Structure formats: C-alpha cells, structure tokens
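Q: Residue numbers (UniProt numbering): 1 to 259. A virtual CB, placed ideally from N, CA and C, is assigned to each residue, including glycine. As the structure is a prediction and not an experimental result, all values here were calculated from the model. Let me begin by handing over the structure; questions about it come next.
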C-alpha cells in the first residue's frame, strides 16, 4: 500500500472549512471535495489526514495531506488526475510517495499562519476576499512591541474558542509584522502591488488551538488602534482580562507546515 503526501493550495471562500464536525454533510468542505475525487480516481474509500484543519473562509498556501492507497497510478499521475477533476479553487501543488510512517496530522514540527489587513479608506475589490479591511491607522511599533509578550511557551486557552481535551500549552516561536513596501514579495498576493495601507502578520508555532491565530491577531490590532494596552496581554493569559473578539477568517492563510 502506498502512502501519498499532497501539498494543496486552496481558496476557502466558498467552503465550510477543511471539514465539518461529524461524518454527515461533509460535501461542501475542502476534505469532502478532495475525498470525493480521490475515491473516483482510485475506486477506493479514502481517509485523509491533514496538517491543520482550517475553518470556514480560511485559505491555504500549502496544506499538507496524506492518504493510503493501493492504486497503481504514480504520484505524478495522481497529481495530474486530481487537478483535472478538482474545482479550480483547489489545486494540488505536489504529490509524492512517502514512508508509511509519515502522518500529516501527527508529525508536524511547525505551523505558520499568515494574516492580511488592508487599512485603505476603500477596500480593493480584487483582494477583498483575502484581506480584512480596517480603514483606520495602526501603530506599527506598538503592535511589534506587544507581540514580544506573546512569544514562548504559554497556556493559550484564553486566545482560542471551543473546548479541547488536548493540552492548551503551545510554543509560539515567532511573530513577524510587515507593513507596506516592507512586505516580502513572495508573501504578496499574485494580483496585488505593495501598498502602505497593507499590514501582514506571520505567526509561527509548534501548534495552534482553534481560531488562536485570529484571536492573537485581533489583540495586536486592538493595540495598534489604541483601544487596548499591551499590558493586558499577561492579564489575558491569567484569565483576568478577555479578548473581545476575533479577526474575520477570510484574511487568514495556512502558509506553511514543516515536518
């Protein structure tokens, strides 16, 4: 039996996330579409394992997935067939046969998320599905200074939604904030030009709780707007203060997973 590893890119705008809880009603999800096409090609029932389970409207530059199959098709042929039958907002960037021990859900060492914000007076109609439009002035230095308090190993349960039986202690390895013409070219959307109205947040950790990137980014944005003080971050960790809300999900991208 082959173990196939896929690197996938997708626009999450019209999907209800990677997968919905439970087994029913999973057709309008990324995993549902992918499972349907793989089963069609291989004539097998397929179980997918993903590096991260993205939510509704969240996009991916490089989601990692693996599945087991008895197909005689090569990895290259599988990639070609999948890209032929998948909808155009889901693309297989690469496919390879890997060791049977590889498991996308269990072996990840780091996960990186990217969040895009646009502060122009009027939203760009061509990028509005991929950026949070916040027509206001942000204090870059205040956000950068505050981000340092989030780094390291902490209990991030108050920066997440939903209950989990797993540990809520995570290692947040880095937060990089870019503005305007300082945004690296390889992190720009294909259809955009550098603009001083744009901010980009790059968050890297060993793992993330449910919606944790959205709560972390919103907290930094509130500090950048002056509606929250950086001194509230330790109070949120301790439960003495709360995060007020989370960023809209359409500005979030699953950017990279390393193994």
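I'd like the ranges of any beta strand (DSSP E) spanning at least 3 consecutive residues and lying wholly in the segment 128-176.
A: 152-155
Q: Would you kindly work out how many angstroms separate the C-alpha atoms of residue 100 and residue 54, rounded to a whole number?
A: 25 Å
Q: What's the C-alpha gap between residue 169 and residue 72?
A: 43 Å
Q: Measure how close the beta-carbons of residue 16 and residue 29 come, nearest whole angstrom, since I'm counting them as under 8 Å.
A: About 5 Å; that satisfies the 8 Å criterion.
Q: On the criterion of 16 or more Cβ atoms from any shown chain inside 10 Å, does residue 122 qualify as buried, or is it exposed?
A: Burial call: exposed.
Q: Taking buried to mean at least 16 other C-beta atoms within 10 Å of its own C-beta, is residue 112 buried or exposed?
A: buried
Q: So who's on the other strand from residue 198, going by DSSP bridges?
A: 118
Q: Looking only at its own chain, which residues have a Cβ that is under 6 Å from the Cβ of residue 219, when we skip the five neighbours before and after it?
A: 243
Q: Can you say whether residue 213 is buried or exposed, counting buried as having 16 or more other CB atoms within 10 angstroms of its CB?
A: buried
Q: In three-state terms, what does DSSP make of residue 85?
A: helix
Q: Please work out which residues of its chain come closer than 6 Å, Cβ to Cβ, to residue 232, disregarding the five sequence neighbours upstream and downstream, and give them in chain order.
A: 241
Q: Using C-beta distances below 8 Å, list every residue in its chain close to residue 85, excluding the 5 sequence neighbours before and after it, in chain order.
A: 37, 40, 41
Q: Scan the segment 213-243 and note each continuous alpha helix (DSSP H) run of 4 residues or more that stays entirely inside, going in chain order.
A: Correct list: 232-238.
Q: Going by DSSP, which residues form a beta bridge with residue 63?
A: Residue pairing by DSSP places residue 63 opposite 8 in a beta bridge.
Q: At the level of alpha carbons, what is the spacing between residue 155 and residue 134?
A: Residue 155 and residue 134: Cα-Cα distance of roughly 29 Å.
Q: What number of angstroms, rounded off, separates the C-alpha of residue 89 from the C-alpha of residue 173?
A: 31 Å
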